[in-house]
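Trainee:
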Amino acid sequence: MAKRGSLREFQAHLATRLAGAGDRNAAGLLGIQAGAEYWLLSLADSGEIIPLTPLSSVPLTKHWFVGIANIRGNLYSVADFSAFQGKEATPQNASSRLLLIGTRHGNNAALLVTRMLGLRNHEALTPVAVDPNAPAWAREAYSDNEGRRWKMLNVRELLADDRFMDIGV
């Protein structure tokens, strides 16, 4: 009988956690590092994370457009997110990752980032002031309990940004 009670409690606990899983405040943020900056993305927008695969360069493109990746037979355009922002280029090494951001929005776009930092709990973050000149895709910022500043990446706004979509020189 004791085991049945424990099983029922476990099922109730599990049902409660699953019900809250869709809540943005539960955990729903993915932390990444791009250059020296920390970024957050909604899990709904984050897409798949894969290790850096070989990239085919594309001539006559901007310096931040690092190439095309063939991922399971689908071609993805890859932008170095740090270099796109005018910062240092992302080193292409074992910790570098491709974040497939456009699939959900009908666009095969990927960001080359320095490394993945894992899930973040929205409730553990405090909103901070944002630069008024920040692009539409970076209009939220937070601070964590360790004093790190995190910028929120709005993927839909990034994919709608003319500067991001214009890769030609």
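Under this note's numbering, the letters of the sequence shown match residues 246 to 414, in that order. Ideal Cβ positions, reconstructed from N, Cα and C, are used throughout, including at glycine. These numbers were taken from a predicted model, which means no experiment stands behind them.
For N378, collect the residues of the same chain with a Cβ closer than 7 Å to its Cβ; drop the 5 residues on either side in sequence, then sort them by chain order.
Mentor: The sequence position of residue 378 within the sequence shown is 133, counting from 1. Taken in chain order, the list of residues that qualify is empty.
Trainee: By Cβ distance below 8 Å, which residues in the same chain neighbour G413 in space, the five residues on each side in sequence not counted?
Mentor: Here residue 413 refers to the residue found at position 168 when the sequence shown is read from its first residue. Excluding positions up to five away in sequence, the list reads L305, T306, K307.
Trainee: Going by C-alpha to C-alpha distance, which of Y321, L370, M410, A289 sits closest to S301?
Mentor: By 1-based counting over the sequence shown, the position of residue 301 is 56. Cα-wise, what sits closest to S301 is Y321.
Trainee: Can you tell me whether I346 is buried or exposed, with buried defined as 16 or more other CB within 10 angstroms of its CB?
Mentor: As a position in the sequence shown, residue 346 is number 101, starting the count at 1. Classification for I346: buried.
Trainee: Would you say L356 and F310 are within 8 Å of each other, going by their C-beta atoms?
Mentor: Taking the sequence shown and counting its residues from 1, one reaches residue 356 at position 111. Taking the sequence shown and counting its residues from 1, one reaches residue 310 at position 65. The answer is no: Cβ separation not under 8 Å.
Trainee: My guess is that W395 and W284 are in contact by the Cβ rule of under 8 Å, so how many angstroms apart are they, rounded?
Mentor: Taking the sequence shown and counting its residues from 1, one reaches residue 395 at position 150. Taking the sequence shown and counting its residues from 1, one reaches residue 284 at position 39. About 7 Å; that satisfies the 8 Å criterion.
Trainee: As a quick exercise: from F409, I313, E254, pick the residue whose alpha carbon is nearest that of N399.
Mentor: Working through the sequence shown from its first residue, we reach residue 399 at position 154. In this structure, F409 is the residue among F409, I313, E254 with its C-alpha nearest to the C-alpha of N399.
Trainee: If you run the structure through DSSP and keep just helix, strand and coil, what is T335?
Mentor: By one-based count along the sequence shown, residue 335 stands at place 90. The answer is coil: DSSP assigns T335 none of H, G, I, E or B.
Trainee: Kindly indicate the opening and closing residues of the alpha helix (DSSP H) around S327.
Mentor: Numbered from its first residue, the sequence shown carries residue 327 at position 82. From DSSP, the alpha helix (DSSP H) with S327 extends over 326-329.
Trainee: Beta carbon of T348, beta carbon of G292: below 8 Å?
Mentor: Numbered from its first residue, the sequence shown carries residue 348 at position 103. Numbered from its first residue, the sequence shown carries residue 292 at position 47. Yes.
Trainee: For a test of the three-state rule: what should DSSP assign to G267, helix, strand or coil?
Mentor: Position 22 of the sequence shown, counted from the start, is the residue given in the question as residue 267. Residue placement at G267 is poorly supported in this model, since its pLDDT is 48, which falls under 50; the coordinates still yield a value, given next. Here G267 sits in coil by DSSP.
Trainee: Leaving out five residues on either side along the sequence, give the residues of the same chain with a beta carbon under 6 Å from the beta carbon of R342.
Mentor: If you number the sequence shown from 1, residue 342 lands on position 97. For R342, where only same-chain residues beyond five positions count, the Cβ hits under 6 Å are I294, V358, M361.
Trainee: For E402, I'd like the list of residues in its chain whose CB is within less than 6 Å of its CB, leaving aside the five on either flank, ordered along the chain.
Mentor: Looking up residue 402 in the sequence shown gives position 157. Once the five neighbours on either side are set aside, the close Cβ partners of E402 are A381, W382.
Trainee: Could you pull the start and end residues of the beta strand (DSSP E) that L288 belongs to?
Mentor: Residue numbering aside, residue 288 sits at position 43 when the sequence shown is read from its first letter. L288 -> not in any beta strand (DSSP E); alpha helix (DSSP H) instead, spanning 288-291.
Trainee: Can you name the start and end residues of the alpha helix (DSSP H) that V400 belongs to?
Mentor: Here residue 400 refers to the residue found at position 155 of the sequence shown. Per DSSP, V400 belongs to the alpha helix (DSSP H) from 400-405.
Trainee: If you draw a straight line from the alpha carbon of V323 to that of E254, how long is it in whole angstroms?
Mentor: Taking the sequence shown and counting its residues from 1, one reaches residue 323 at position 78. Taking the sequence shown and counting its residues from 1, one reaches residue 254 at position 9. Computed Cα separation, rounded: 47 Å.
Trainee: Classify L364 as buried or exposed, calling it buried when 16 or more other Cβ atoms lie within 10 Å of its own Cβ.
Mentor: For the purposes of this step, residue 364 is taken as residue 119 along the sequence shown, with counting starting at 1. Looking at its Cβ environment, which holds fewer than 16 other Cβ atoms inside 10 Å, L364 is exposed.
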